[in-house]
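Mapped onto mature numbering (1 follows the signal peptide of the UniProt record, and there is no 0), the consecutive letters of the sequence shown carry residue numbers -20 to -1, 1 to 131.
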Amino acid sequence: MKKNLVLIALLFLGLNTTIAQDVYEFQIVTVIESIVPNGLGRSRMLTTNETRDYKEYTSTRTGQDDKRNKSDRGDIRVKGFDETKLLNFFNLGGIRFQNIAANDAIVTSKINEMSTQGWELAFVNSGVESFGGKGDGNGIYVTRYTFKRKK
């Protein structure tokens, strides 16, 4: 609000000025929770400790230059990351509400820790690949928490 008032005052006085934009850094925490029947899946919370520059793995394709990106997958992979074990949604008895509550407690702990480090939760995205019929034993629930903080 104060920035806006200053800008309005400067514009009113006829002064041409630029106000600096805030610059942020971002961190993503991915939570993968298994919804595979009988508790056979793996559930984890992942946070990377390495960075990658997307430009190194990007090509621009046009009508005249239609070359595919030949980046080496091994160069893209990240080996430095935190992996936190979580519990699966199902066990042999079916859905386990205690497991869901335990996962919530662990994820909440991570969010609270990041908050104390100055990170602000900016976005949450989720998706599900669930049971697709007889013979499909696959299923995961993925949630990505995107945090930001001023640089």
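Just so you know, even glycine gets a beta-carbon here, dropped at the ideal spot from N, CA and C.
- In its chain, beyond the 5 residues on either side, Tyr121 have a beta carbon closer than 7 Å to the beta carbon of Val108.
- Taken atom to atom, the span from the alpha-carbon of Arg41 to that of Lys47 is near 7 Å.
- Ile56 places its beta carbon less than 9 Å from that of Tyr37.
- For Ser110, there is no enclosing alpha helix (DSSP H), as DSSP marks it with neither H nor E.
- DSSP places Arg53 in no beta strand (DSSP E) but in the uninterrupted alpha helix (DSSP H) bounded by 53 to 56.
- For Phe77, there is no enclosing beta strand (DSSP E); the residue is found in the alpha helix (DSSP H) stretching over 77 to 96.
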